[in-house]
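Asker: Numbering that gives the first Met the number 0 puts the first residue of the sequence shown at 0, with every later residue one more than the last.
Even glycine gets a Cβ: it sits at the ideal position worked out from N, Cα and C.
Computed from a prediction, not measured in an experiment: that's the story for all the values here.
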Amino acid sequence: MLTAILSSLVFTGPALASSPLSFWKAPARDGGYEKISAKFYVDPSSTWKTGYYASTQASFAGHDVQYFGIQPREGQYSGHLTYSVFGKGSSVGDPARCSGGADGGAGVSCSLDGINLNKGEWYEIVSAVVEHGDKGRRWNGTLIDSQGKQTYIASFWTDDSYGPLSGDGAQWLEWYYFNGIYETTTPEQRDCQPPFTVKYERPTLYVGDQQVKAKDTGKDSKWTIDDKCAVKANDPNYSVEHHDAYVQINGGIHSTK
């Protein structure tokens, strides 16, 4: 029963409007981009608990977005990887790891369980076009750990209405346990989300072998008071810090006070 409950709560779509988002942008170019990579680092002080989703989202030149990221897990294996796309005109590339639909709408949702992730280490996820033909573009997702080991995540197709990546997007941290109760509870009724801090390097996009580093736009989402600890502090229970080399998103900042 617990497994079924946790499976139903796994979040694989873009963050809710109340979640901390920070936006990035790379120079626009004719032809767009067909490869992107982004790095994630979970601070050692974080509470490693199922319920968080750290993600990078990238917009297509035509329509919709793709997104990928990491989720902590408790148990034998400590990590779960996601790799998905929104919109009509997408299709499953790897039936063993993907299914049709994304966050209740059109798209493809892919994931990989049984991954060991550790706090205090950088992980990179790469999304790249590996085939372009009559069916459109086939995108592969790959995890690269701090030792350089590569793990294939999954693949999906986007038809030509999507086009390549446009060079803009966002990075966000979601406490997805709130998703199923958001409309039926008040902040005073929601337990405090645990402390969890993620550093995000701004994505790198590629034109052939040339690397193009995305820049921090300095813009974040509007935040709301979502749980008991936020109500007590009269302040959202998360924050975003902008640094030269990365953006840091902190969840549960009032949960230990």
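Provide the residue span of the beta strand (DSSP E) that contains ALA127, from first to last.
Answerer: Counting along the chain, the beta strand (DSSP E) containing ALA127 begins and ends at 121 to 132.
Asker: Please report how far the alpha carbon of TYR176 lies from the alpha carbon of LYS48, in whole angstroms.
Answerer: Roughly 11 Å between the two C-alpha positions.
Asker: Should SER145 be labelled buried (16 or more other beta-carbon atoms within 10 Å of its own) or exposed?
Answerer: Exposed is the call here.
Asker: Going by beta carbon distance, what residues of the same chain come within less than 8 Å of PRO43, once the five residues before and after it are set aside?
Answerer: The residues are LYS118, GLY119.
Asker: Can you round the beta-carbon distance between SER126 and VAL107 to whole angstroms, since I take them to be within the 8 Å contact cut?
Answerer: That pair is no contact at about 13 Å.
Asker: Nearest CA to the CA of TYR237: which residue from CYS109, TYR245, CYS228?
Answerer: Nearest of CYS109, TYR245, CYS228 to TYR237, Cα basis: CYS228.
Asker: How would you call ASP159, buried or exposed, if buried means at least 16 neighbouring beta carbons within 10 angstroms?
Answerer: Burial call: exposed.
Asker: Under 8 Å, do TYR161 and HIS62 count as touching if we go by C-beta distance?
Answerer: Yes, the pair counts as a contact, with Cβ atoms nearer than the cut-off.
Asker: Note down the Cα distance separating THR157 from ASP93, rounded to an integer number of angstroms.
Answerer: Straight-line Cα distance between these residues: approximately 13 Å.
Asker: For GLY99, which of SER83, SER36, ALA25, LYS34 has the nearest alpha-carbon?
Answerer: Checked all of SER83, SER36, ALA25, LYS34; the closest Cα to GLY99 is SER83.
Asker: In angstroms with no decimal places, state the Cα-to-Cα distance between ARG201 and THR81.
Answerer: Rounded to whole angstroms, ARG201 to THR81 spans 18 Å at the Cα level.
Asker: When the Cβ atoms of the stretch 206 to 215 are set against those of the stretch 20 to 31, are three or more pairs found closer than 8 Å?
Answerer: Yes, they touch.
Asker: What does DSSP give as the partner residues of HIS241 in its beta bridges?
Answerer: VAL246.
Asker: Within 10 angstroms of the Cβ of GLU173, are there 16 or more other Cβ atoms? Answer buried if so, exposed if not.
Answerer: The residue in question, GLU173, is buried, as its Cβ has 16 or more Cβ neighbours within 10 Å.
Asker: Whole angstroms is fine: what's the gap from VAL230's alpha carbon to ILE69's?
Answerer: Taking the straight line from one Cα to the other gives about 28 Å.
Asker: Buried or exposed for SER18, going by 16 or more other Cβ atoms inside 10 Å?
Answerer: Under this definition SER18 is a buried residue.
Asker: Helix, strand or coil, according to DSSP, for GLU187 in the structure here?
Answerer: Correct three-state label for GLU187: helix.
Asker: Could you give the residue range of the beta strand (DSSP E) that holds ALA60?
Answerer: Segment: none, ALA60 is in no beta strand (DSSP E) and carries neither H nor E.
Asker: Kindly indicate the opening and closing residues of the alpha helix (DSSP H) around LYS227.
Answerer: Counting along the chain, the alpha helix (DSSP H) containing LYS227 begins and ends at 227 to 232.
Asker: Check this for me: beta carbons of ILE124 and SER220, under 8 Å apart or not?
Answerer: For ILE124 and SER220, no; Cβs fall outside 8 Å.
Asker: Excluding five sequence neighbours on each side, which residues of the same chain lie with their C-beta closer than 6 Å to the C-beta of VAL41?
Answerer: Answer for VAL41: LYS118, VAL197, listed in chain order.
Asker: Rounded to whole angstroms, what's the CA-CA distance from ASP112 to GLY78? Just pull it up for me.
Answerer: When rounded, the distance between both Cα atoms is 7 Å.
Asker: With DSSP as the reference, label TYR52 as helix, strand or coil.
Answerer: TYR52: strand per DSSP, three-state reduction.
Asker: Using the three-state DSSP reduction, which class does TYR76 fall into: helix, strand or coil?
Answerer: Three-state result, TYR76: coil.
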